[in-house]
Amino acid sequence: MAEEAQTKGGRTRLQVEDAAIELFMEQGYHATSMRQIAERAGLALGGIYNHFKSKEEIFEAIIVDKHPYKKLLPVIVEAEGETMDEFLSHAARVVIRELTSQPYYVKLLFIEFVEFNGSHSSLLIREIAPKILPVFERLVKARKDLRVAHPALLMRSFIGMVLSYIITDVIVSNSTLNKLMPKNTLDSYVDIYMHGIIKEPQ
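Everything in the sequence shown is counted per this note's numbering, starting at 412 for the first residue and increasing by one.
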């Protein structure tokens, strides 16, 4: 009986999160009230407080439960590529494709940065780091020609490259600058990340 209640409670929590995501996307985080979320989820206002104490707690749950990292982790761990270039290119492609597959991923990212100064991101890092850091540790050990010898720094720089690509893609998507971009923009972006913008002297 307790297991059934827990399952039902879990379904209700996800129902609330789905309703909140829809409203956050439609009208923004600040303009959304707990009452609106309850109505969208088909619950009484008192019912929603049985699962979440506040709107921020709902947002925090969304960051953890709805973030695509759960699907991305095994893909990154098993990323193909015999060389460092191939691995990073493949991993970057997979991560960016998944993060941009659902519009709310990027919008939630902006809400997290603008409204909360990234305060909930530590929850994600706590979930992600133990699983993905070993991948970058193996890369550092396997490659003696890397300029970055610290796995955590390599991981952070990879995350930074992915986020900067996604953010700048949003910025330039409807501009004339986008028309000037090469067709293989992502490949070029990853290449710049790995090799820089200055050619090595012959």
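Using N, Cα and C, we set each Cβ at its ideal position, and we do this for glycine too. Given the structure is predicted, the values throughout are model-derived calculations rather than measurements.
Fully enclosed alpha helix (DSSP H) runs of no fewer than 4 residues occupy 445-452, 456-459, 466-476, 480-488, 495-510 of the region 440-518, in order along the chain. Apart from the 5 residues on each side of it in sequence, residue 511 sits with its Cβ closer than 7 Å to the Cβ of 517, 577 in its chain, given in chain order.
One Cα belongs to residue 555, the other to residue 594, and the distance between them is close to 32 Å. Residue 542 carries a helical assignment under DSSP once its states are collapsed to helix, strand and coil. Residue 585 sits in coil when the DSSP states are folded into three classes, being neither helix nor strand. Residue 503 holds the alpha-carbon nearest to the alpha-carbon of residue 573 among 503, 497, 463. Residue 571 and residue 546 have their C-alpha atoms some 17 Å from each other. Beyond the five residues adjoining it in sequence on each side, residue 507 comes within less than 7 Å, by CB distance, of 573, 576, 577, 597 in the same chain, given in chain order. Contact between the region 449-456 and the region 466-476 is absent: fewer than 3 CB-CB pairs across the two stretches fall below 8 Å.
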